[in-house]
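To keep things clear, I will list the structure first and then write my remarks on it.
Residue numbers (our numbering): 366 to 503.
This is the structure in structure tokens:
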């Protein structure tokens, strides 16, 4: 839009692909076991940083521009403005970073049905919300 173009955004679910989380952090089970407290602290810091960016989009834009040399200020400001509203849960009752196992099951099934994965995983074996901010420690 900043370049005078009229982009068309088509959500993937309108194309027959199940919706999925786009910000995904990946760790193996050993790391989750051995460094669970570090991961919990990282996720808490990520939530605090996200909330700070939402509270001060101009400050967040400045920080990004300071860290990312060569970025276009106008484009970066537009990206921040469009992205920030998507980063926090809205009325879901779930903690920051929550991923819906049922949603991931549909996504995995889609991949299996289309030959992208050989076997359908048990979602509980590949996804956890146990370390998210506000969740109780086991």
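Glycine included, C-beta positions come from ideal geometry on N, C-alpha and C.
The structure presented is a predicted model; accordingly, all values stated were derived computationally and were not measured.
Limits of the alpha helix (DSSP H) - the one that residue i falls within
i	result
residue 441	438–448
residue 430	422–432
residue 471	466–478
Residue i versus residue j: straight-line alpha-carbon distance, rounded
i	j	result
residue 477	residue 424	43 Å
residue 489	residue 465	11 Å
residue 474	residue 384	12 Å
residue 457	residue 469	17 Å
residue 487	residue 406	27 Å
Local conformation of residue i per DSSP, three classes
i	result
residue 415	helix
Beta-carbon gap between residue i and residue j smaller than 9 Å
i	j	result
residue 411	residue 463	no
residue 438	residue 451	no
residue 496	residue 394	no
Minimum Cβ-Cβ distance from residue i to chain C less than 9 Å
i	result
residue 451	Given the protein chain composition of this structure (a single chain), no chain C is represented.
Residue from the options whose Cα sits closest to the Cα of residue i
i	options	result
residue 484	472, 495, 436	472
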